[in-house]
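A.B. asks: Residue numbers for the sequence shown follow the working numbering, so the first one is 5 and each next one is one higher.
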Amino acid sequence: MAKLTKKQKEAQAKIEKDKLYSVQEASSLVKEITNVKFDATVDLAVRLGVDPRKANQMVRGVVTLPHGTGKEVKVLALVTPDKEAEAKEAGADFVGLDEFLDKIKGGWTDVDVIVTMPSVMGKLGPLGRILGPRGLMPNPKTGTVTMDVGKAVADVKGGKIDFKVDKTGIVHAAIGKVSFTADKIADNAKELLDTLNKLKPAAAKGVYMKSVYMSSTMSPSVQLDPKAV
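(1) Count the other CB atoms within 10 Å of the CB of Gln61; is the residue buried (16 or more) or exposed (fewer)?
(2) For Lys94, does the count of other Cβ atoms within 10 angstroms reach 16, so buried, or fall short, so exposed?
(3) Could you tell me the boundaries of the beta strand (DSSP E) in which Met218 lies?
(4) Report the rounded CA-to-CA distance for Gly132 versus Pro142, giving the unit in angstroms.
(5) Beta strand (DSSP E) containing Leu4: first to last residue?
(6) Between Met121 and Val83, is the Cβ-Cβ spacing less than 8 Å?
(7) Residues in its own chain within less than 6 Å of Lys168 by CB, not counting five upstream and five downstream?
(8) With H, G and I counted as helix, E and B as strand and the rest as coil, what does DSSP make of Arg138?
(9) Since I believe Val79 is in contact with Ser106 (beta carbons under 8 Å), could you give me their beta-carbon distance rounded to a whole number of angstroms?
(10) Taking contact to mean at least 3 C-beta pairs separated by less than 8 Å, is the region 47-55 in contact with the region 172-190?
(11) Less than 6 Å between C-beta atoms, sequence neighbours within five positions excluded: which residues of the same chain meet that for Asp166?
(12) So for Leu196, helix, strand or coil by DSSP?
(13) Between the alpha carbons of Lys161 and Val211, how many angstroms are there, rounded?
(14) For the alpha helix (DSSP H) containing Leu203, list its first residue and its last residue.
(15) Could you check if Met151 is buried or exposed, using at least 16 other CB atoms within 10 Å of its CB as the buried criterion?
(16) Just grab the DSSP bridge partners of Ile118 for me.
(17) If contact is defined by three or more beta carbon pairs under 8 Å, each pair taking one atom from either stretch, is the region 216-228 in contact with the region 33-46?
(18) Find out if the Cβ-Cβ distance for the pair Val235, Met213 is shorter than 8 Å.
(19) Could you give the distance in angstroms between the alpha-carbon of Lys231 and the alpha-carbon of Ala208?
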């Protein structure tokens with residue numbers, strides 16, 4: 005097992021063993037125990053009491069974080085010419101159609117989110133093997149396939165994220181940066197946790213929210229009290 009550095013030991017010592025923290029306490033503590041020189045990302049890992057292999061227990065959704073993610077999100081709007089101005093005004097970084105489809109065919113995927121229209125989805129189908137593994141395929145369920153292109157772009161730019169439970173029953177999501185105030189981190193965390201609670205599948209039995217951990221890039225994890233979120 006790798007030895008902990010002095011800073012890692014100091015950070016670990018600030019976390020009380022076996023204590024379950026409130027969202028507010030965890031948000032303050034994560035800021036305190038982060039020692040990297042860059043603006044670290046703050047993450048939540050939520051273990052749910054669901055079986056993701058069963059369609060009626062799949063948990064997937066979108067949430068708009070009140071204070072954004074702190075990350076500059078690059079958006080590509082694949083739209084017809086009549087929607088280009090709307091997408092540009094909303095803040096899309098790249099706007100167009102065929103020229104970008106050709107770039108993607110050539111392996112270009114230097115974007116974080118793709119927004120498109122229902123009429124364009126047919127052209128994106130053949131690109132699924134490129135976009136799918138990178139989580140870039142637009143989906144009506146996450147609001148990225150829509151006629152209201154301007155709103156979709158603005159939402160993504162404003163802090164809207166989508167999440168999905170993985171095969172082990174855990175939802176991972178970035179909820180901000182360590183440079184945020186503790187209050188802003190807590191607000192974003194609560195928004196995600198409230199959204200997850202509302203999405204509890206009727207078929208899920210027993211304890212739904214089993215454990216919640218908050219951490220930042222390279223920091224130890226702080227365990228939250230799942231009954232208090």
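C-beta atoms are modelled at their ideal positions from N, C-alpha and C, and glycine is treated no differently.
C.D. replies: With the given structure in hand:
(1) buried
(2) It is worth fixing the name first, because residue 94 is Ala in this sequence and not Lys. So Ala94 ends up on the buried side.
(3) 213-220
(4) 10 Å
(5) The structure shown does not extend to residue 4, since the chain spans only 5 to 233, so no value can be given for it.
(6) yes
(7) Arg64
(8) helix
(9) Looking at the sequence provided, one finds Asp at residue 106 rather than Ser. Not quite, the Cβ-Cβ distance comes to about 19 Å (not below 8 Å), so this is no contact.
(10) yes
(11) Val66, Thr146
(12) helix
(13) 34 Å
(14) Looking at the DSSP string, Leu203 is not in any alpha helix (DSSP H), and its letter there is neither H nor E.
(15) exposed
(16) Leu80
(17) yes
(18) Coverage of the chain is limited to positions 5 through 233, which leaves residue 235 absent and any answer about it impossible.
(19) 17 Å
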